[in-house]
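Using the working numbering, the first residue of the sequence shown is number 108, and each one after it goes up by one. I have placed the structure first, in the form of structure tokens, so that the comments after it can refer back to it.
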Amino acid sequence: MSVLVTGGAGYIGSHTVLALVEAGIRTVVIDNLSTGFSTALPEGVPLFIGDAADENLVEGVIAAHDVSAIIHFAGSVVVPESMRDPLAYYRNNTMTTRNLLNAAVKCNVKNFIFSSTAAVYGNPDQIPVPEIAPTRPLSPYGSSKLMTEIMLHDVATAYGLNYVVLRYFNVAGADPQARIGLQTVGATHLLKIAVEAATGQRAKMEVFGTDYPTPDGSCIRDFIHVTDLAQAHLAALAYLDQGGDSVTLNCGYGRGYSVLETIEAVRRVCGRQFAVQMSPRRNGDIMTMIADTARIGRTLDWTPRYAELETIAAHALAWEEKLLQAREAA
Ligand code: UDP
């Protein structure tokens with residue numbers, strides 16, 4: 108038996124593959140390498156370079172590797188890009204999952220874990236936001252993920268498939284041993300930008316909005332360490348293996364840090380200052396996003412280990428330094 112990971116060469120996918128391999132779980136990856144890196148995979152993990160939408164490929168891999176569960180990461184994740192080209196998002200996220208599910212149903216794969224996002228909530232009325240909150244995505248990215256969630260629900264009802272949907276909050280950090288990390292070109296996430304500034308790759312960074320009605324005026328996010336998130340997928344797999352019912356779970360820590368606090372944490376761990384400019388609010392930003400974690404807490408056997416902001420910042424920084432050294436050596 109093995110687990111098929113789509114998008115396993117990407118940021119969250121590769122950390123999950125590493126966690127699966129370290130747990131002794133046989134793993135096989137499908138990734139089209141559009142944004143992922145084959146070098147992010149541990150040695151010996153079979154990689155099929157192709158699309159998760161390619162049903163022939165998926166069915167072949169399921170049969171050849173005796174796949175009993177699928178963890179589906181493959182997709183597009185850039186919110187502004189989804190505004191410019193929504194149809195690409197409905198293809199890469201919604202339609203791809205439709206084909207993948209068709210292959211899973213045909214091949215009788217019963218367990219399915221899906222990467223969703225807190226972006227399905229849009230602007231929440233309630234913080235921390237529970238899973239039962241209204242879903243009003245503000246971007247085609249969020250809508251494409253929400254449509255997939257709806258599709259999964261219908262597929263589960265009709266064909267007896269079981270799923271765990273994980274709605275990720277703000278994923279950050281890197282493998283604690285700096286073996287892998289975020290290497291997507293042009294990533295715009297706060298911690299990535301901050302560690303680029305800390306390593307001298309940017310002359311300065313900006314804080315988008317300092318006049319929000321929060322304690323320090325900047326936005327607040329529930330940053331989750333990518334290695335803890337990877338472990339949540341393993342816990343979800345165990346839950347489904349033990350016969351757990353289909354469920355949708357927030358995946359965050361239930362606490363928030365402000366943008367300014369996050370930048371301060373990066374400054375502390377790197378030990379030097381870098382220029383930070385206070386800028387106007389960024390269009391579309393939500394003021395505060397924090398997960399209500401009650402449901403994941405009672406559903407999965409999952410104990411986060413890296414929730415300290417300084418730990419997340421330190422791991423992101425160590426990985427960035429390694430990436431920079433590799434680039435300079437090349
Ligand atoms: N942010 C910032 N400067 C940056 C990047 C991000 O001030 O260079 C802020 C952004 O406006 C938001 C928060 O950091 O309030 C988190 O943004 P990110 O893009 O990391 O994730 P999002 O929450 O938008 O998915």
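Glycine included, C-beta positions come from ideal geometry on N, C-alpha and C.
Practice problem: Count the other C-beta atoms from every protein chain shown that fall within 10 angstroms of the C-beta of G293, then say buried if there are 16 or more, exposed otherwise. | Solution: Against the sequence shown, residue 293 aligns to sequence position 186. Classification of G293: exposed, given that the 10 Å Cβ count is below 16.
Quiz item: Can you tell which of L125, M394, N206 has the C-alpha that lies nearest to the C-alpha of T317?
Solution: Residue mapping note: residue 317 aligns to position 210 of the sequence shown, counting from 1. Minimum Cα distance to T317 is reached at M394.
Self-check item: DSSP three-state assignment for R388, whether helix, strand or coil
Solution: Here residue 388 refers to the residue found at position 281 of the sequence shown. It is coil, neither helix nor strand.
Practice problem: Could you tell me if the beta carbon of C358 falls within a distance shorter than 7 Å of some heavy atom in ligand 1? | Solution: Sequence index remark: in the sequence shown, residue 358 carries index 251 (1-based). It does not: the Cβ of C358 is nowhere closer than 7 Å to a heavy atom of ligand 1.
Quiz item: Taking the continuous alpha helix (DSSP H) assigned at T204, which residues delimit it?
Solution: Within the sequence shown, numbered from 1, the residue matching residue 204 stands at position 97. Note, T204: alpha helix (DSSP H), 203 to 213.
Exercise. Please report how far the alpha carbon of S109 lies from the alpha carbon of D173, in whole angstroms.
Key: In the sequence shown, residue 109 corresponds to position 2, counting from 1. In the sequence shown, residue 173 corresponds to position 66, counting from 1. Taking the straight line from one Cα to the other gives about 6 Å.
Quiz prompt | Beta bridge counterpart(s) of F330 as assigned by DSSP | solution = Taking the first residue of the sequence shown as 1, we reach residue 330 at position 223. DSSP output for F330 lists N277 as bridge partner(s).
Quiz item: Could you give the C-beta distance for H122 and A337, rounded to a whole number, given that I count them as a contact under 8 Å?
Solution: The residue you call residue 122 lines up with position 15 of the sequence shown. The residue you call residue 337 lines up with position 230 of the sequence shown. Right, their Cβ atoms sit about 4 Å apart.
Quiz prompt | Contact check, H225 vs Y270, beta carbons under 8 Å | solution = Stepping through the sequence shown from its first residue, residue 225 is reached at position 118. Stepping through the sequence shown from its first residue, residue 270 is reached at position 163. Per the sequence presented here, residue 225 reads as Ala, with His not at that position. Cβ distance not < 8 Å, so A225 and Y270 don't count as in contact.
Quiz prompt | S389 versus I327 - alpha carbon distance | solution = As a first step, residue 389 is located in the sequence shown; it is residue number 282 there, counting from the start. As a first step, residue 327 is located in the sequence shown; it is residue number 220 there, counting from the start. With the sequence shown as reference, residue 389 is identified as Arg, and Ser is not the correct amino acid for it. Their backbone Cα atoms lie some 14 Å apart in a straight line.
Quiz item: Between M254 and the rest of its own chain, which residues show a CB-CB distance below 6 Å, the 5 nearest in sequence each way excluded?
Solution: The residue you call residue 254 lines up with position 147 of the sequence shown. So the qualifying residues of the chain are T201.
Quiz item: I419 by DSSP, collapsed to three states: which one?
Solution: On the sequence shown, position 312 is the one that residue 419 refers to. Three-state DSSP puts I419 in a helix.
Self-check item: Residue span of the alpha helix (DSSP H) that contains N218, given as start and end
Solution: Position 111 of the sequence shown holds residue 218. Looking at the DSSP string, N218 is not in any alpha helix (DSSP H); the run it does join, the beta strand (DSSP E), is 218 to 224.
Quiz item: DSSP on A240, reduced to helix/strand/coil?
Solution: As a working note, residue 240 is residue 133 in the sequence shown. Reduced to three states, the DSSP call for A240 is coil.
Practice problem: Would you mind listing the beta strand (DSSP E) stretches within the stretch 331 to 415 that are 3+ residues and don't spill past its ends, in chain order? | Solution: 354 to 358, 382 to 386
Quiz item: Quick one: what's got a C-beta closer than 8 Å to P149's C-beta in the same chain, skipping five residues either side?
Solution: Within the sequence shown, numbered from 1, the residue matching residue 149 stands at position 42. Answer for P149: V124, L125, V128, listed in chain order.
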